[in-house]
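3 is the number of the first residue of the sequence shown in our numbering; add one for each residue after it.
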Amino acid sequence: MNNEQTIIRNNHKPFPEFGTGDNSIQISDKDQPDDMSSILMREGEKYIRVTTDYYRLSHILNARKQITPVQQLWRKGAIMGDFGKEIFRYIRKYVAFVNIPDNSETYQKEHNYNGDAYFNLYEQMKYVPAPGDVTITMKFLSRIFQDKFDIILDYLKILYENPTQNLPVICLVSKIQETGKSTYMMWLCSVFGRNAIILGNEEFSTNFNSLYASKLIVCIDESFIDKNIIKEKIKRLTTSDSINMEAKGRDSIRMDFFGKLVLSSNTEDNFMKMDDDDNRFFVVKVPELTRQDFIPDLMDRLVEEIPAFLYLLKTRQMVYPRKSRLWFDPKVYETDALARMKVNTRSMVQKELLRWFEDIFAFDEVEDQIHVTPGRLAKELEKSLKLITGLPSQISYILKEEWHLAPAKNNKFEFLSIVDNYSDSERMMVSQISKTKTTGTYYTITREFVESKK
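Okay, structure coming up:
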């Protein structure tokens, strides 16, 4: 790696690297009393006291062999047993954990207010901006995000300069292996260091969230979200500003949350059920890697360009102004990949409803709107959906909750249906529209609405 191009922070830090050194003191006969103070000071820096609990600053190794810093709850008696009571003179004391993101050079690990000290879980970035070449990085990002290139550059600028701003969930999908999905996640972790993490489905699905509760970027690799509760969790985290940090053996801690989610999946069209009104997901189909796209030692070269890329983000002008709570107008990050997911993950009942409406509107004599009730629709669809239980209630839920249609008051209306009758003129069975006068609380379906669902 070119040390002249890669500029890394090398400031003195008040905290040592987590997990260094042994957990017990080894003293030889040559050690003097002054050496004991030095040893206790060094070992004491590995612990903190927050409120009335003690924590050891250490690492854990995840399934991908990535090291993540953690604050492990540590018994006071265990510390005393290892080092004696004198070590507590060298252990820093804090009123509470805080999560204050700061990617600038004014970053602080310890915050003080009214004489009280607070321990910041957000980590200092390793790299500082510096002018330089970003050719490889720009080529890499433009290949993945294609015509949405300006959006991802705006996204990354916001991520770097305004980390508390909520942003859409990025979903990178491709059924082809080695297209760059995982490389993008690893690159984010290189840029933002310990403030980014890559998880698997199981790690994200568990109730214990201390691994990612303080992170700026939460990547979920090889995603397949088959449970609605997990999807709702993703949606909730996308717009939430706080979280209960849960860890084994510890009380939950309410803290600020500003994590941005990045998902990748080899299942292009249905890795997560998408409803028509889902507008929090920026779904990108990553194209296949061609010979012209191949870059040798890609990850190393991307890392070399991080300082220059941060400088680009810092000096670049935004293209898209703030339009929503996720900054962007959802229309600008709509993609064909998202549209396919919405169609492919519809329920069987919804698919049959749309097919039936399309058949009705195919008749020339049908006007641009029709009136329906869940009960009458259920009778029309019961042959094709005979294995579906509770069909009227499912149809009612789709009309009201998923399609957001409001029912009219109880009134008279004509219900249209398709019947097959023998035609003397054509000497064969033909399909015709039948009109039945009825009374009920009906929904109005327009031709335009059905067309919009295609």
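All C-beta atoms, glycine included, are put in the ideal place defined by N, C-alpha and C.
Does the distance from the C-beta atom of residue i to that of residue j stay below 7 Å?
i	j	result
Asn-197	Glu-248	no
Leu-174	Val-288	yes
Tyr-313	Pro-170	no
Phe-260	Pro-332	no
Leu-418	Ile-447	no
Leu-379	Ile-390	no
Glu-306	Thr-139	no
Leu-158	Leu-315	yes
Thr-181	Leu-291	yes
Val-368	Tyr-445	no
Val-421	Ala-339	no
Val-321	Asp-118	no
Lys-48	Leu-59	yes
Asp-258	Ser-244	yes
Gln-126	Tyr-109	yes
Arg-51	Lys-111	no
Met-343	Asp-277	no
Lys-128	Gly-195	yes
Met-187	Ile-200	yes
Glu-354	Leu-401	no
Thr-440	Asn-412	no
Thr-269	Phe-226	yes
Met-274	Lys-237	no
Gln-449	Asp-361	Gln is not the amino acid found at residue 449; the sequence shown has Arg there. No, these two residues do not count as a Cβ contact at 7 Å.
Asn-105	Ser-216	no
Trp-76	Tyr-92	no
Trp-189	Leu-300	no
Lys-455	Leu-393	no
Once DSSP output is grouped into helix, strand and coil, what is the label at residue i?
i	result
Tyr-124	coil
Asp-302	helix
Arg-318	coil
Val-524	Residue 524 lies beyond the residue range present for the chain, which begins at 3 and ends at 456; the question has no answer from this structure.
Asp-422	strand
Tyr-56	strand
Glu-403	helix
Glu-248	coil
Phe-151	helix
Phe-284	strand
Thr-112	Looking at the sequence provided, one finds Glu at residue 112 rather than Thr. It is a strand residue.
Leu-356	helix
Ile-29	Low per-residue confidence applies at Ile-29: pLDDT is 43, beneath 50, and the placement is therefore not dependable, though the value from the model is reported in the following sentence. In the structure shown, Ile-29 sits in coil (DSSP, three-state: anything other than H, G, I, E or B).
Lys-217	coil
Phe-99	strand
Ala-408	coil
Met-274	strand
Asp-258	strand
Ser-349	coil
Ser-454	helix
Ala-198	strand
Ser-398	helix
Ile-222	strand
Ile-390	coil
Ile-297	coil
Ile-41	helix
Ile-308	helix
Glu-363	It should be noted that the sequence gives Phe, not Glu, for residue 363. Of the three classes helix, strand and coil, the one that applies to Phe-363 here is helix, per DSSP.
Leu-158	helix
Which residue or residues does DSSP assign as beta-bridge partners of residue i?
i	result
Pro-71	His-61
Arg-94	Ile-50
Ile-447	Ile-372
Gly-442	Asn-413
Ala-119	Asn-114
Gln-434	Val-421
Ser-326	Trp-329
Ile-227	Met-274
Pop quiz: residue i and residue j are said to be a contact at Cβ under 8 Å. What is the actual Cβ separation, rounded to whole angstroms?
i	j	result
Phe-90	Leu-123	The Cβ separation is near 23 Å, so there is no contact.
Gly-134	Pro-298	Contact doesn't hold; Cβ gap of about 20 Å is too wide.
Ile-435	Phe-365	5 Å
Asp-223	Ser-192	So it is not a contact: roughly 15 Å between Cβ atoms.
Leu-387	Val-351	6 Å
Trp-329	Ile-160	6 Å
Within the continuous beta strand (DSSP E) that includes residue i, where are the two ends?
i	result
Val-136	No beta strand (DSSP E) contains Val-136, which DSSP labels as neither H nor E.
Leu-265	262-267
Leu-174	171-175
Over the uninterrupted alpha helix (DSSP H) stretch that includes residue i, give me the two end residues.
i	result
Asp-338	338-346
Pro-188	For the sequence presented, residue 188 should be read as Met rather than Pro. It spans 183-194 - the alpha helix (DSSP H) in which Met-188 sits, taken as one unbroken run.
Leu-239	230-241
Met-82	78-85
Ser-106	Premise fails: Ser-106 is in no alpha helix (DSSP H) and is neither H nor E.
Ser-207	203-207
Please indicate yes or no: does the CB of residue i lie closer than 6 Å to some heavy atom of the ligand SAH?
i	result
Gln-294	Only the bare structure without any ligand can be found here, which leaves the ligand SAH out of the picture.
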